[in-house]
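Just add 45 to wherever you are in the sequence shown, counting from 1, and you've got the working numbering. The beta-carbon is built from N, C-alpha and C at its ideal position, and this holds for glycine as well. This one's a predicted model, so the numbers in the text were calculated from it and none came from an experiment. This report refers to the structure that appears directly beneath it.
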Amino acid sequence: MKPLIAFLLVIIAVGVTWFVLAKKNNNMSNNTFSLSPSVTPVSNESPLPSASASPEPTLDTSKFPEKVLVTMETNRGNIQLELYPKVAPQTVINFLNLAEKKFYDGTTFHRVIDDFMIQGGDPLSKTLPAGDPKLGTGGPGYAFPDEINPKTLGLNDDQIKVLEAKGYQYDFTLKSLPVDPGYIAMANAGPNTNGSQFFIVTTQPQTHLYGLHTVFGKVIKGMDVVLKIKQGDTVKQIILQK
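Structure representation (structure tokens):
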């Protein structure tokens, strides 16, 4: 049995029944977002049902491993990542599941902003040419909730209330990580719109993104490769390390 499959079965065995995938929506034409590319990594995936519409039983993460090691093989070299199931359990499981299905194989880093981040995970990038306006609109066909505790990121009550008024919903039991250099986070189009697209921060802490994106791991080897990535570079595969 492949290690990743075995890991996922263990996760399922300890009660991951809360992970309900939203129904696929094929309408790609009505999707518009006003977020500025210079402000936040945007995932303009097609409109999806709200992930928060489904009940979310409390997840017991006590049996989860502290970290999972994966290698992202790119045409520029390998990037080794630590993923943290106890920090963002749904997000890590989703990422590993997509990797196991080879969802990411052949995708590109379709969006790269100097001194900010590299963004990938859009399945449409396997076939669409660079510069195609549809790049950044692809996803797995479902959405799932954010996993963020803004208090561990230093946000005060007033800041949290402002974000909650915009639709963000927080889990104050989590120990969230910062959107800082070397960390990997989910790109999104607003609250609870996570799918497959991710980004890795390159050179500067992105404090303006605290409370907006789920961080689920960090680069532990290959940051030099991250800094070499250019728009259009390819993810060959993502594999779980034993």
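Under a Cβ-count criterion, where at least 16 other Cβ atoms within 10 Å of its own Cβ denotes burial, should residue i be classed as buried or exposed?
i           : result
residue 210 : exposed
residue 167 : buried
residue 259 : buried
residue 95  : Here the model assigns residue 95 a pLDDT of 38, short of 50, so the residue's position is not dependable, and the following value carries that caveat. Burial call: exposed.
residue 192 : buried
Could you tell me whether the Cβ atoms of residue i and residue j are closer together than 8 Å?
i           : j           : result
residue 240 : residue 184 : yes
residue 122 : residue 155 : no
residue 217 : residue 233 : no
residue 266 : residue 227 : no
residue 274 : residue 157 : yes
For the candidate residues the options, whose alpha-carbon lies nearest to that of residue i?
i           : options               : result
residue 212 : 219, 230 and 190      : 190
residue 162 : 237, 286, 208 and 230 : 230
residue 271 : 119, 221, 237 and 175 : 119
residue 282 : 107, 136, 160 and 142 : 142
residue 253 : 173, 111 and 224      : 224
residue 133 : 173, 152, 280 and 220 : 220
residue 278 : 131, 86, 114 and 149  : 149
residue 147 : 171, 177 and 124      : 171
Whole angstroms are fine: how far does the CA of residue j sit from the CA of residue i?
i           : j           : result
residue 200 : residue 116 : 32 Å
residue 97  : residue 186 : The predicted position of residue 97 is uncertain, since its pLDDT is 38 and thus under 50; a value taken from the coordinates is nonetheless stated next. If I take the Cα positions, the gap works out to 16 Å.
residue 129 : residue 215 : 18 Å
residue 256 : residue 269 : 27 Å
residue 203 : residue 197 : 15 Å
residue 237 : residue 139 : 14 Å
Can you give me the start and stop residues for the alpha helix (DSSP H) that residue i sits inside?
i           : result
residue 137 : 134 to 145
residue 205 : 202 to 210
residue 273 : 268 to 273
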